[in-house]
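**Student:** Taking my numbering as reference, the numbering of the sequence shown is continuous, increasing by one, and the terminal residue is 301.
Virtual Cβ for every residue (Gly too), placed ideally from N, Cα, C.
Following this message is one structure expressed as structure tokens.
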Amino acid sequence: MKGNQLTNLEEKLHQFWKQTCWICKNTGAPMSVDNKYVHFPCAKKHGYKMDRFLLSITSH
């Protein structure tokens with residue numbers, strides 16, 4: 242992000258669509274938690290805490 246604008250959004254989207262979720266093993270995992278990529282629903286099922294304002298996840 243630069244100020245209040247997203248930068249390199251298209252590049253980042255392509256990058257994340259290739260990431261494999263360590264929980265369900267499917268691609269398209271957008272969030273990095275503990276150096277592993279996860280989908281929001283998978284992280285939620287495993288008890289990760291989500292911050293909807295920061296669009297981030299923290300481990301248990």
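Over the uninterrupted alpha helix (DSSP H) stretch that includes Val286, give me the two end residues.
**Tutor:** Checking the displayed sequence, the identity of residue 286 turns out to be Lys instead of Val. That run of the alpha helix (DSSP H) goes 281-286.
**Student:** For His255, count neighbouring Cβ atoms within 10 angstroms of its own Cβ and tell me buried if that reaches 16, exposed if not.
**Tutor:** His255 comes out exposed.
**Student:** With distances taken Cα to Cα, identify the nearest neighbour of Lys253 among Cys262, Lys266, Gly244, Ala270.
**Tutor:** The shortest Cα separation from Lys253 among Cys262, Lys266, Gly244, Ala270 belongs to Ala270.
**Student:** For Cys265, tell me which candidate among Asn249, Pro282, Phe257 has the shortest Cα-Cα distance.
**Tutor:** Of the listed residues, the one whose Cα sits closest to Cys265 is Pro282.
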